[in-house]
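Sequential numbering from 62 applies to the sequence shown in our numbering. One structure is given below, encoded as structure tokens.
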Amino acid sequence: MKTDCKVKPEVLEKLTSCAKAIVLKRRYQMGYPFDQATNLNAFYHWLYETGLYNTTLISVGSPWKESWDMLDVDEFERDAVSFMAEAFGFPHDTYWGFVTNGGTDGNMHGIYFGRKALQGQMAAFKKNENTADSKKCSSDSNIAKDDKTIPPLLYVSAEAHYSVQKLGDVLNIETRVIRALPDGRMDTEDFRRQLDPGRPALIVIAVGGTFKGAIDDQKAISEILKEKPPIAVYRHLDIALFGGYLPFLDSQDAKSIINQLHQHFDSVAVSGHKFLAMNEPCGFFICRKGILEHLHNLTVPYLNCVMPTISCSRSGFDVLKLYWRIFTTGREGFREEAEHVLAMTHLLVSKLNERGIKAYANPWSNTVIFPRPSDEAVHRFCMACSGEFSHVVVMQYFDEPLIDELVEAIGKCQ
Ligand SMILES: Cc1ncc(COP(=O)(O)O)c(C=O)c1O
């Protein structure tokens, strides 16, 4: 039996000095959307008290699977997914999802599921075409004989997170990068030009581009898809950061942007370690339940279940942490945090503007962009920079004194 081994003093000293330095600097990591007020003390206390901390706990496959002997927290994963799915307007019992390893993992499932769904639609059209009553379907959908073999095109804006292009490469899907407007939204005129209606379209829509925090115009995208309908369409929303707060704002306009009933997307990926304030990478992937029909029903005999997910083992602790966070905060708690974040964003923009600094934030965005200040300010506040510009992302831990400190540092060198 293994016992806790004693940590060597030199190892402990090294780790402790690193921990102290990180804790001291955490409030200044402003270029990236991490909430440094994670407030998980009670969770970690509970983990220790129950002895769960000393257990290996993984989540495998679908949290809706049945007949499973391994330790699991599926019930909590289902409840956490359901809370988020319903915040995104998916009607009850029409969705499926799981807790991911992070934003990229969520996008990977969106693009993979999208490709499978498009292939599935092509196969179904082809089958219809071969049946006696297929005339109506094929004339409506304008499908050629061997469309099942037509590969999809992935469309994504140049300002969307780089993981989407990377995943197009990994999954070997031809990708069309759509130009972005100066404010960071997808240039829908370029989308119109690049859209090939003869091939299935897998569209990744950025609701919150990484650097400028701009939201792609879903209405304009839909209109173009109506004018020039591709043979099949799948829409995945990358809502890594914004998906954590848009559903909880008072504004119906804000909620509508990520509402599945209003926008008709097929899947979403939201990060757990951004607005949802987890202290390590995780997130949610949620899709329309019908999409699962198009996946290979890959049964893994030694696991005795069908595996829709790409990765096998995921963290069971992330599931518990997300569940803890969601059900201790609740909709009202998230509403207060979301309103606070946007109020602090507007305060920062107006204080910078008062000092003559041309700062701005896109609609519903908590990312504040301004001309790149001195290197000293950039490094001290760990700002993200691109060319002439820098940004900070206003999160829950921002307050007026912190904003004043930041404005002072930016103002000094402009
Ligand atoms: C919009 C967007 N999508 C996806 C990601 C990738 O998330 P992760 O770092 O968890 O893989 C990020 C990361 O910053 C992001 O900003």
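All residues carry an ideal CB built from backbone N, CA and C; glycine is no exception.
Residue i in three-state terms, based on DSSP
i	result
D299	strand
P291	coil
I239	strand
H401	helix
L263	strand
M169	helix
H407	helix
W107	helix
W385	helix
S328	strand
V454	strand
Y114	helix
V225	helix
R246	coil
L215	strand
P308	helix
P424	coil
P152	coil
T210	helix
C373	coil
C79	helix
V68	coil
Of the listed residues the options, nearest to residue i (C-alpha basis)
i	options	result
Y156	S312, V142, T165, D251	V142
S332	G448, H222, L413, V367	H222
Y105	V217, T406, F378, R433	F378
M456	N427, C446, P434	N427
E220	G259, G181, G270, M183	G270
V134	R441, L113, E147	L113
G259	E469, K289, D278	K289
P176	K382, S317, D278, D327	Reading off the sequence, residue 176 comes out as Arg, not Pro. The shortest C-alpha separation from R176 is found at D327.
C348	L242, K335, H325, P342	H325
Y89	V439, C446, E341, E235	V439
A338	V268, E235, Y384	Y384
M375	A241, P369, C343, E397	It is worth fixing the name first, because residue 375 is Arg in this sequence and not Met. R375 has its Cα closest to that of C343, out of A241, P369, C343, E397.
C373	H153, P70, A148, T161	T161
V380	M368, F346, H401	F346
E147	K473, G472, N320	N320
Cα-Cα separation, residue i to residue j
i	j	result
K227	M169	10 Å
P291	Y93	37 Å
K86	T77	14 Å
A178	L214	13 Å
I387	F144	8 Å
F431	I418	7 Å
G150	L413	36 Å
Y421	E449	14 Å
A224	E393	The sequence shown places Ser at residue 224, rather than the Ala named in the question. In a straight line, the C-alpha of S224 is about 32 Å away from that of E393.
V72	A82	16 Å
S435	F159	43 Å
R441	L467	10 Å
K280	D311	21 Å
V410	K273	14 Å
D96	F186	47 Å
Cβ-heavy atom distance, residue i to ligand 1, below 8 Å
i	result
A221	yes
T271	yes
Y93	yes
S224	yes
L302	yes
G305	no
S332	yes
N12	Outside the displayed span of the chain (62 to 475) sits residue 12, for which this structure offers no information.
T165	yes
G344	yes
H299	Residue 299 is actually Asp in this sequence, not His. The answer is yes for D299.
M267	Reading the sequence as shown, one finds Ala at residue 267 and not Met. Yes, ligand 1 has a heavy atom inside 8 Å of this Cβ.
N427	no
N168	yes
Item to check | contact_flag[the segment 242–260, the segment 284–296] where n(CB pairs < 8 Å) is 3 or more | outcome: Remark: three or more beta-carbon pairs, one from each stretch, lie closer than 8 Å, so the segment 242–260 and the segment 284–296 are flagged as touching.
Next on the checklist: Tell me whether the segment 295–312 and the segment 113–130 touch, counting them as touching only if at least three CB pairs, one residue from each stretch, are closer than 8 Å.
Outcome noted: In short, these stretches do not touch, since the Cβ pair count stays below three.
Checklist entry - Would you call the segment 457–475 and the segment 403–413 in contact, with 3 or more CB pairs under 8 Å? => result Yes, the segment 457–475 touches the segment 403–413.
Checklist entry - With a cut-off of 8 Å, do at least 3 Cβ pairs link the segment 353–370 to the segment 111–122? => result Yes: the two stretches touch, three or more of their Cβ pairs being nearer than 8 Å.
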